[in-house]
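Chemist: Heads up: the sequence shown begins at 641 in the numbering used here, then just goes up one per residue.
Backbone N, C-alpha and C fix where the C-beta goes; we use that ideal spot for every residue, glycine too.
Right, I'll just put the structure down here and ask away after.
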Amino acid sequence: MKKIILSLFVIAMVAVLGVGLVACNNATPQGQLANILSDHNQETFVYQAVNTKDDTTGVYTVKLKAYDKGSKVQFGSRELTNVSRGICITGKLVFDNTVYEMGCYYNLISGMSYMTPAYSFRNVKVDGKDKFDMQGEYADGKFSCDYTTSESGIISDSDKVSGTVFDNNQFQQVLRSVTTFSSGLSLAFTTPIVNAQGVTNANLTASGNSTAKVKDVLYVENDESIKEEGLDCYVISISRSTQVAGLSQTLYYAVDDIKCDGWGLKHVLVKIIEPFTFEGERYEMQYKLISASIS
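In structure tokens, the structure reads:
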């Protein structure tokens, strides 16, 4: 089971990625990225995680927090100091005896119109002991990282990045900032994946061509009718280009703002479906929004 859970995050949450955006309106890619914390300081989303193979459950928590220039930021196993003005996006999945933590610090530049990754981290603990720990930084046109595994000392590696660059830790939340977000969203990814063997590249595509009613949303503030009728969502598929077609991850983003403490949160990610096969049978890892809060 642990190997299945870890594979869920290989594509979506624990790699490092450089992203080239392709948009229908031909706007410059970075110009499409708005500051999603422009009018508040922090968002927290909690998801129920379910493995349909054996109905085991876990909890996945995502936090987005804004920082002023010069701030200190606790960032995985280290502290960032004197950061540029930006947003730190972190995630923590607790499943059985394994804890996955990952995050990226994004600089906000050019009048809050751009978000560019500056630092990245990922940590995996089993029974409280480190199995993998990575710290990375974007500078001079490349991503450089130091990482350790339970079987190795510190290993250093790097990969060139160019064009519009995201980090794959929590890119699902960053997609919410695309100002042209719609059912026709089209994004092309080049992904340096950091694992025990080093940094390798993968090509990913985020694409959407429909909306759907999602009835099993576990949280929508003060709107019980949505639990019965369903929440309108953009359906976005995340797929990887390989010689053998793989299974696609599906993300469901709310079409309309979701109310939270009197505020309207844009394009909230309310559900994630990650299919996998085990002994020839198809199963899913499902993530459903339990709660949301802002400050």
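Quick one: residues in its chain with C-beta nearer than 6 Å to the C-beta of Ile934, no 5 flanking neighbours on either side, listed in chain order?
Modeler: So the list reads His680, Glu683, Cys900, Asp901, Trp903, once near-sequence residues are dropped.
Chemist: With a threshold of 8 Å on Cβ separation, who are the neighbours of Asn665 within its own chain once the five nearest residues in sequence on each side are excluded?
Modeler: Since pLDDT at Asn665 reaches only 31, below the 50 mark, its modelled position is unreliable, and the value read off the structure follows with that caveat. If we look at Asn665 and ignore the five residues flanking it on each side, its Cβ neighbours are Thr820.
Chemist: Less than 8 Å separating the beta-carbons of Gln775 and Gly726?
Modeler: No. Outside cutoff.
Chemist: For Ala932, which residues from the same chain have a beta carbon less than 8 Å from its beta carbon, with the 5 sequence-adjacent residues on both sides left out?
Modeler: Result list for Ala932: Glu683, Thr684, Phe685, Val686, Tyr859, Glu861, Ile898, Cys900, Leu905, Val908, in chain order.
Chemist: Under three-state DSSP, which class holds Ile866?
Modeler: Helix at Ile866.
Chemist: Asp947: buried (16+ other C-beta within 10 angstroms of its C-beta) or exposed?
Modeler: Here the chain comprises residues numbered 641 to 935, so residue 947 is not present and cannot be evaluated.
Chemist: Leaving aside the five residues before and after Lys732 along the sequence, list all residues of the same chain whose C-beta is less than 6 Å from its C-beta, in chain order.
Modeler: Around Lys732: Thr701, Glu741.
Chemist: Check whether the stretch 914-930 and the stretch 688-697 are in contact - that is, three or more C-beta pairs closer than 8 Å.
Modeler: With the cut-off at 8 Å, the stretch 914-930 and the stretch 688-697 touch.
Chemist: With Gln812 as the anchor, note down where its beta strand (DSSP E) starts and where it stops.
Modeler: Where Gln812 is concerned, there is no enclosing beta strand (DSSP E), although the alpha helix (DSSP H) it sits in stretches over 811-814.
Chemist: Where does Leu929 land, buried or exposed, given buried means 16+ other C-beta within 10 angstroms?
Modeler: Buried is the call here.
Chemist: My output table needs one value for Ser817: the three-state DSSP class, helix, strand or coil.
Modeler: Three-state DSSP puts Ser817 in a helix.
Chemist: To which residues does DSSP link Asn747 through a beta bridge?
Modeler: Beta-bridge pairing links Asn747 to Gly726, Thr756.
Chemist: State the DSSP-derived secondary structure class of Gln775, mapped to helix, strand or coil.
Modeler: Reduced to three states, the DSSP call for Gln775 is strand.
Chemist: Could you tell me which residues DSSP pairs with Asn691 in its beta bridges?
Modeler: According to DSSP, Asn691 bridges with Thr696, Met925.
Chemist: Does the count of Cβ pairs from the stretch 702-713 and the stretch 774-790 closer than 8 Å reach three?
Modeler: Because the criterion of three Cβ pairs below 8 Å is not met, the stretch 702-713 and the stretch 774-790 do not touch.
Chemist: Report the CB separation of Arg880 from Leu825 in whole angstroms; it is logged as a contact under 8 Å.
Modeler: Contact doesn't hold; Cβ gap of about 17 Å is too wide.
Chemist: So the candidates are Tyr745, Lys712, Gln889; which of them puts its Cα closest to the Cα of Val875?
Modeler: Nearest of Tyr745, Lys712, Gln889 to Val875, Cα basis: Gln889.
Chemist: With DSSP as the reference, label Thr765 as helix, strand or coil.
Modeler: Before going on, a small fix: residue 765 reads as Lys here, not Thr. Lys765: strand per DSSP, three-state reduction.
Chemist: I'd like to check one pair, Tyr754 with Glu777: are the Cβ atoms closer than 8 Å?
Modeler: Not a contact, by the Cβ cut-off of 8 Å.
Chemist: CA-CA distance, Val739 and Thr697?
Modeler: Taking the straight line joining both Cα atoms gives about 13 Å.
Chemist: What does the alpha-carbon distance come out to for the pair Ala846 and Phe811?
Modeler: The alpha-carbon atoms of Ala846 and Phe811 are separated by roughly 11 Å.
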